[in-house]
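To start, the structure under review is shown below, and the notes come after it.
In this note's numbering, the protein residues as written are 8 to 77.
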């Protein structure tokens, strides 16, 4: 991820998702552990909401870096 600058808000959202995934992958390197947890949060709406919040926080930073695509 060389830059936070994207051409469109959609690309910014996709970058935000990628950033969250890469962060989680860096923190939790054990593939089995990730799959065990995935089964839990896939059925827990509150945990899914928390994941969405992380993406929203990253998207906010990206939007600011892109001057909100003005």
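Ideal placement from N, C-alpha and C gives every residue a C-beta, glycine not left out.
Cβ neighbour criterion (16 or more within 10 Å) applied to residue i
i: residue 53; result: exposed
i: residue 74; result: exposed
Candidates the options, of which the one nearest residue i by Cα
i: residue 27; options: 66, 70 and 71; result: 66
i: residue 61; options: 31, 12 and 11; result: 31
i: residue 24; options: 47, 69, 43 and 37; result: 69
Open item on the list: Tell me whether the stretch 39 to 55 and the stretch 18 to 27 touch, counting them as touching only if at least three CB pairs, one residue from each stretch, are closer than 8 Å.
Closed with: Result no; under three Cβ-Cβ pairs closer than 8 Å.
Task: Sequence ranges, alpha helix (DSSP H) only - wholly within the stretch 16 to 40, length at least 4 - done: 16 to 34
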